[in-house]
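To keep things clear, I will list the structure first and then write my remarks on it.
Protein chains: 2
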Amino acid sequence: MHGVGCLALAFQETVPFQPTYVAGDDGHVFLWIALGVGVLALLVAFWLARHVILSDAGTPEMQEISNAIREGAEAFLRRQYRTIGAIALVLAIVVFFGYHLSPRTAPYASKTVISFLVGAICSGLAGYTGMYVSIRANIRTASAARTSLNKALQTALRGGAVTGLVVVALSLIGVGLLFLCFGGLDNPQAVPYQLVGFGFGASLVALFAQLGGGIYTKAADVGADLVGKVEAGIPEDDPRNPAVIADLVGDNVGDCAGRGADIFESTAAENVGAMILGAALFPVFGVKGILFPLIVHAINLIASTVGVAVVRSKETEDPMHALNKGFYVTSGLALTGFAVAVYTMLNGPLVQPMWLLGCGVIGLVTAFLFVYITEYYTEARFRPVQSIAEASLTGPATNIISGLAVGMETPAMPVIVISAALLLSYYFGVKGLAGVTGISDYAKGIYGTAIATMGMLSCAAYILAMDTFGPITDNAGGIIEMSNQPDSIRERTDKLDSAGNTTKALTKGYAIGSASLAAFLLFSAYLEEIKSIVTAKVAGAGGFMPVGWSFTNINLAEIPVFVGALLGAMLTYLFSSMAIKAVGRTAQMVVQDVRNQFREDPGIMAGTSKPDYGRCVHIVTGAALKEMVLPGLLAVGLPVAVGLIFRNFSESYQANASLYASGAILQVPAIAGKAVNLAGAEAVAGLLMVGTISGILLAMLMNNGGGAWDNAKKFIETGQYGGKKSDAHKAAIVGDTVGDPFKDTAGPSLHVLIKLLATITLVLAPLFV
Amino acid sequence: MHGVGCLALAFQETVPFQPTYVAGDDGHVFLWIALGVGVLALLVAFWLARHVILSDAGTPEMQEISNAIREGAEAFLRRQYRTIGAIALVLAIVVFFGYHLSPRTAPYASKTVISFLVGAICSGLAGYTGMYVSIRANIRTASAARTSLNKALQTALRGGAVTGLVVVALSLIGVGLLFLCFGGLDNPQAVPYQLVGFGFGASLVALFAQLGGGIYTKAADVGADLVGKVEAGIPEDDPRNPAVIADLVGDNVGDCAGRGADIFESTAAENVGAMILGAALFPVFGVKGILFPLIVHAINLIASTVGVAVVRSKETEDPMHALNKGFYVTSGLALTGFAVAVYTMLNGPLVQPMWLLGCGVIGLVTAFLFVYITEYYTEARFRPVQSIAEASLTGPATNIISGLAVGMETPAMPVIVISAALLLSYYFGVKGLAGVTGISDYAKGIYGTAIATMGMLSCAAYILAMDTFGPITDNAGGIIEMSNQPDSIRERTDKLDSAGNTTKALTKGYAIGSASLAAFLLFSAYLEEIKSIVTAKVAGAGGFMPVGWSFTNINLAEIPVFVGALLGAMLTYLFSSMAIKAVGRTAQMVVQDVRNQFREDPGIMAGTSKPDYGRCVHIVTGAALKEMVLPGLLAVGLPVAVGLIFRNFSESYQANASLYASGAILQVPAIAGKAVNLAGAEAVAGLLMVGTISGILLAMLMNNGGGAWDNAKKFIETGQYGGKKSDAHKAAIVGDTVGDPFKDTAGPSLHVLIKLLATITLVLAPLFV
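From first to last, the protein sequence lines stand for chains A and B.
Quick note, the numbering used here runs 163 ahead of the 1-based positions in the first sequence.
Quick note, the numbering used here runs 163 ahead of the 1-based positions in the second sequence.
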């Protein structure tokens with residue numbers, strides 16, 4: 164957001180660059196195309212929403228339940244957004260004054276704060292719209308299930324598609340409009356740096372949305388189960404349980420609004436990061452290279468819309484087949500569109516676009532592999548889940564041990580896939596741009612990994628539609644159960660619900676995969692950012708800047724970096740611990756309230772009077788919002804604290820400081836003969852990078868371990884190892900309950916934490932040097 | 164082990180160094196002192212062992228049980244050492260031929276292999292001797308418990324002291340003799356590099372000893388519990404349980420031999436690492452700086468012997484008080500000795516030894532803090548264990564969730580303590596050597612952290628004696644129980660057993676603390692090693708070596724480093740998963756055998772015939788040895804594979820390779836105009852560093868989580884939350900069982916894995932460049 168164009172300059176300092184493509188006005192047309200498709204996608208989403216809302220809304224009984232869910236969800240979201248809004252405003256002020264501390268950064272203060280606020284608002288809007296539709300789609304799906312499986316499937320998926328389209332479209336429009344307003348058409352190389360605030364705003368909202376929603380959903384779920392199934396001995400979703408509505412509300416605010424915000428910020432951070440790297444390649448591709456990420460998401464929107472449109476299911480078919488068909492259509496279209504975009508936009512006399520297209524293919528293949536690996540670890544067809552189910556025979560202890568062992572095994576394959584994807588896409592990037600001189604192999608390779616990340620995210624809207632499908636069908640099942648509909652209808656919603664569980668697990672795999680690929684891109688952006696700040700600082704003070712210097716000495720054998728790294732990894736553990744404990748505490752409040760209601764009114768269990776659902780919803784809402792604040796502030800505060808402390812710490816901690824001072828080593832930036840103190844920036848880099856790696860692995864452990872426990876229980880319920888009510892089943896229920904806060908609170912919140920670390924360090928980088 | 168003296172040279176290249184102290188022959192006397200104390204300590208250990216073995220060996224009934232334990236343990240150790248010996252021989256051959264691949268490293272092949280084998284043999288010897296005594300001390304402790312608590316306490320502690328003294332003495336003598344034989348008196352600066360093989364040998368044996376023993380002990384424990392307590396409903400240590408002897412054998416081979424090998428390699432690796440750093444400061448301290456670590460361990464031996472001698476307990480006293488008194492005496496003496504050593508050896512006209520003594524104090528304080536933090540998280544007096552006990556009221560699921568949340572919280576405080584210790588000791592190191600010129604602040608600071616590590620380990624022998632006290636008293640309790648002694652005696656051994664559980668938990672905290680501090684020192688050694696290899700390689704080929712170049716660009720934003728880091732962190736998860744699963748599989752075999760024995764001979768349960776203890780021991784032995792091989796080989800193989808693959812990979816992955824090639828950037832080592840490919844060395848550095856951080860945190864989670872579960876169960880057994888046999892107690896037993904493989908197999912094996920990574924990369928560094 165300052166040191167305008169420094170990134171691009173850095174690669175050109177030593178060798179005169181050789182532009183292969185002169186940017187002309189014709190590049191700008193892609194901005195209009197992207198924005199146009201974004202607006203169209205919003206219209207499609209509006210049409211889909213209208214279509215869903217106008218369908219049959221079921222019996223008055225069903226509506227009563229649905230209304231209770233809707234009111235609870237809306238009340239939670241209103242209060243949640245109020246809290247988040249207050250935190251965001253405080254942070255906006257901090258950023259604004261932080262930037263004004265130095266005359267160097269002051270000119271960028273307003274732009275950064277504006278893009279921060281726009282990012283936060285867009286994220287909130289996307290989450291709210293998605294939930295607005297899905298809490299209305301649930302009852303329509305339930306109602307449609309009375310007619311046919313296909314109709315119910317389509318209603319649920321279209322409801323989900325609204326979230327998918329709105330999320331991607333708002334991210335596209337937000338970034339595009341800011342680019343336009345900040346003068347991107349006149350000065351395309353500089354503007355991407357000024358957009359980092361957008362990513363930060365999006366991550367901040369996402370963190371609290373996912374954390375608050377995640378605590379809500381699992382506290383209500385665990386609380387309802389503990390007191391309902393275990394103590395009172397009534398089945399799941401029984402209307403006599405006062406916590407049952409809170410449980411259904413939780414599916415919406417956690418899975419639906421939370422994941423929406425998560426993917427919104429993935430696309431936002433990746434858009435901005437890729438545009439920054441595109442700016443580095445401006446001499447090669449001109450403005451087209453910068454706008455390429457936006458066009459990819461325009462393709463994403465078109466392909467996903469078609470994908471959603473083709474999904475239809477036969478009455479006897481497994482709904483997963485239909486959903487997969489839609490996914491294949493989306494991927495095929497996205498790949499075709501990607502190829503056209505690469506050959507149109509990333510082309511030139513010295514470029515070999517085939518290799519760059521290869522990077523995109525690598526991204527898509529990585530997405531597929533992540534989905535398959537997640538399936539392998541979380542579906543009952545395969546060894547891991549079966550081994551947990553088998554271990555349940557010897558009781559809950561062996562079930563837990565075996566589930567944790569599976570969870571700890573899960574990072575192995577994804578890590579190998581990510582490693583291969585990074586190595587190959589880097590290599591392809593270097594190959595594709597081999598003819599271009601004046602740009603380092605490193606910049607070429609990193610751009611290759613950025614294209615792979617875009618490839619991976621090029622089906623994001625469809626994936627998100629499938630994901631939101633989950634809570635909608637879950638809710639539909641709950642409504643059918645609570646309104647005592649016939650078994651044949653329950654069978655249909657059960658089928659959909661089971662498909663929804665699968666899609667939810669897959670999306671988590673996809674989200675963590677995209678976070679891993681994008682992390683790398685964002686590291687590079689951070690390093691470039693620090694470099695441009697140092698360059699500007701040294702130039703401003705008339706200091707010494709070595710030729711070809713770049714900020715790459717993130718050496719873990721230096722104390723500040725090692726300490727930052729230790730703290731970063733520790734942050735992921737402490738954050739998870741806090742999130743899990745928050746679920747426990749909130750669940751205890753649910754248990755207490757349900758017990759009180761049962762005691763106060765014995766008519767509830769007798770079925771003669773209705774429980775006070777609203778009281779339970781109110782209690783969970785208040786508790787979840789209170790509990791989300793501390794871990795959220797820890798995530799925001801720790802990197803800032805580390806950066807500021809080390810920045811102001813003795814320069815003793817800088818390697819070879821005495822040699823710099825003596826003038827023996829000249830190859831560092833120096834002002835008035837004194838090396839610039841980079842300890843703060845280095846410590847933050849260590850925190851960011853090792854925190855990300857630790858967070859990725861911990862999230863995989865928790866997501867997949869939780870999913871495996873869940874499905875081991877379901878596998879036993881199909882009659883294996885003694886079936887329902889057997890001792891093995893009881894043991895498996897323990898595992899499932901343990902997995903709940905893992906897979907739905909801590910794990911997904913870690914995805915967001917990772918990206919928040921990346922964006923907060925980008926935005927606050929000027930404070931660290 | 165080559166590039167002789169390069170480390171020291173590196174710090175002198177640019178500024179003429181200014182020796183403040185000329186090394187004279189008078190430094191050598193310290194080698195003789197250290198070796199003399201080492202031999203004396205062995206004599207004391209021999210005398211203690213003789214004293215213990217000559218004490219009363221109890222009734223024939225007790226002897227029968229004790230003999231069964233002894234035979235089982237010895238049989239396991241014999242077979243285990245045979246397996247480890249075979250693996251070590253293969254590795255020795257690999258290292259020998261690996262070094263012969265290049266004419267540059269060939270001259271060092273024999274020395275490296277010799278020190279590797281000496282390290283492995285010393286480690287094995289230390290483990291074997293320790294166990295030899297402790298499997299004989301158990302029955303003497305049991306017998307002494309018939310007379311008085313004090314006599315039993317002293318017998319157990321003196322039995323444990325044999326392990327402590329032998330481990331530290333052998334490490335001291337091994338390193339000292341190799342230093343002497345490799346010509347350390349003539350060429351003291353070069354020899355420390357040639358000792359890295361010693362650390363590798365020690366770690367290799369330690370890894371398999373800890374892994375095999377850890378699998379054995381927990382498989383027998385979990386298996387015996389599952390089939391005894393849960394299925395057959397007989398109490399712990401009931402002689403009718405065929406797995407009961409295997410369980411008692413496990414305490415010896417896991418806790419005793421395993422932890423002995425762990426601490427052996429901590430002192431070995433730290434000795435060698437600190438000597439390497441001492442070599443860098445040769446111009447300041449002469450040979451005294453190199454020999455300082457050996458003198459610290461001589462002090463350790465003396466202080467610990469006195470500490471053990473003063474321990475005596477009143478009949479009604481908590482044995483922990485007596486043990487703590489001994490610890491305070493040891494620390495006081497160690498600190499006094501440390502101060503004398505610093506002022507005698509690390510002194511000179513430009514040195515301020517006060518600051519260096521301060522580093523040692525930091526190390527000791529860190530050890531204390533680690534012990535207190537471990538106590539906080541694992542003792543029933545404090546919130547964490549009580550919160551788990553309370554969560555047990557709502558069943559096993561909430562017990563597990565709460566235990567995992569506590570486990571995830573545990574790294575926070577230790578990480579902050581380690582960070583503070585590193586920052587302060589670095590700062591003190593810089594201060595203490597501020598007057599010395601020609602040596603970088605970095606080298607000074609790192610030496611400060613090395614002194615802190617030595618301070619931390621300066622009570623190691625006493626800590627290890629307290630640790631080995633654990634399995635001895637545990638066994639003594641088992642023997643008393645199985646031979647049906649009166650309750651009054653059982654009460655005494657129960658008291659000792661409870662103190663033993665505490666000391667075991669504390670030692671784990673201490674071990675992971677020393678691993679964290681030492682890790683940093685070993686990173687630096689690895690970087691210096693790579694630098695000296697590159698320097699030698701470039702010099703040999705007549706290439707270009709930039710002035711002041713050092714190998715510090717471990718930049719996580721470069722693909723090889725990031726991939727190495729991801730793989731390193733993944734290794735710690737996969738390794739833990741394999742260790743835990745191995746316990747599960749082996750435990751199943753125990754369960755199967757016990758069931759078979761009960762079925763084949765109904766007289767066992769009736770108490771009319773004796774079970775076949777040996778069959779169970781034999782089965783666990785075979786299974787544990789088989790199961791330890793794969794995770795062990797993974798730990799050895801992965802870093803080697805990463806280094807070799809990236810070394811031979813395209814140089815595209817090297818940042819700015821094209822700019823190097825074009826000559827635009829000259830500040831890298833180059834041969835024939837081509838930059839030296841450092842991708843392999845960098846990837847391995849990433850793996851080592853991030854693997855270490857991830858391993859430290861995961862080990863803390865598992866050790867403290869496991870300890871907390873264990874003591875939550877014991878807390879409930881004291882009558883809280885319903886007491887024994889209540890539902891809360893049943894839930895807590897689940898948590899305890901889950902924690903077992905965490906805290907006694909995977910956690911401690913991770914300590915060793917971390918140090919193995921550090922030593923294997925040091926030894927095989929020449930293959931990576």
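In this text, a Cβ means the ideal position worked out from N, Cα and C, and glycines have one as well.
If you're wondering where the values come from, they're calculated on a predicted model, not measured in any experiment.
Residue i classed as buried or exposed, judged by whether at least 16 other C-beta atoms fall within 10 angstroms
i      : result
A:V935 : Nothing about residue 935 of chain A can be read from this structure; chain A reaches only from 164 to 932.
B:R422 : buried
A:N301 : buried
A:K876 : buried
B:N759 : exposed
A:K477 : exposed
A:Y506 : exposed
B:L342 : Note that residue 342 of chain B is Phe in the sequence shown, not Leu. So B:F342 counts as buried.
A:V839 : buried
B:Y491 : exposed
Anticipated Cβ contact below 8 Å, residue i with residue j, distance rounded
i      : j      : result
A:P398 : A:P774 : At roughly 15 Å, the Cβ-Cβ gap does not stay under 8 Å, so A:P398 and A:P774 are not in contact.
A:A871 : A:P547 : 6 Å
B:A846 : B:V724 : 6 Å
A:V459 : A:V359 : At roughly 19 Å, the Cβ-Cβ gap does not stay under 8 Å, so A:V459 and A:V359 are not in contact.
A:L316 : A:P482 : 5 Å
B:G339 : B:L194 : 6 Å
A:T493 : A:Y356 : Contact flag wrong, Cβ pair sits at about 32 Å.
Three-state class that DSSP yields for residue i in the structure shown
i      : result
A:A623 : helix
A:A543 : coil
B:I397 : coil
A:A835 : coil
B:F345 : coil
Contact list for residue i against chain A, beta-carbon separation under 7 Å
i      : result
B:P559 : P559 and V897
B:V853 : V853 and I856
B:M733 : P574, A575, V578 and L860
B:I581 : L729
Proximal residues of chain B, C-beta to C-beta of residue i below 7 Å
i      : result
A:E572 : L737 and S740
A:F686 : L719 and A720
A:D744 : With the sequence shown as reference, residue 744 of chain A is identified as Lys, and Asp is not the correct amino acid for it. Under the 7 Å cutoff, chain B gives A568.
Within chain B, the residues that residue i reaches when beta carbons sit closer than 8 Å
i      : result
A:S555 : Chain B residues near A:S555: none, gap ~12 Å exceeds 8 Å.
A:K747 : At residue 747 of chain A the sequence reads Gly, which differs from the Lys that was named. Near A:G747 (Cβ distances below 8 Å), the residues of chain B are A554, T561, I564, S565 and A568.
Beta-carbon neighbours of residue i, restricted to chain A and to distances below 8 Å
i      : result
B:P904 : I564
| query | If you measure beta-carbon to beta-carbon, which residues of the stretch 508–542 of chain A are closer than 8 Å to chain E? | reply | Here the protein chains are A and B, and chain E is not one of them.
| said: When you compare the stretch 665–682 of chain A with the stretch 623–641 of chain A, are there three or more beta-carbon pairs, one atom per stretch, that lie closer than 8 Å? | reply: yes
| field | Inter-stretch contact (C-beta, 8 Å, three-pair minimum) for the stretch 599–616 of chain B and the stretch 273–292 of chain B | value | no
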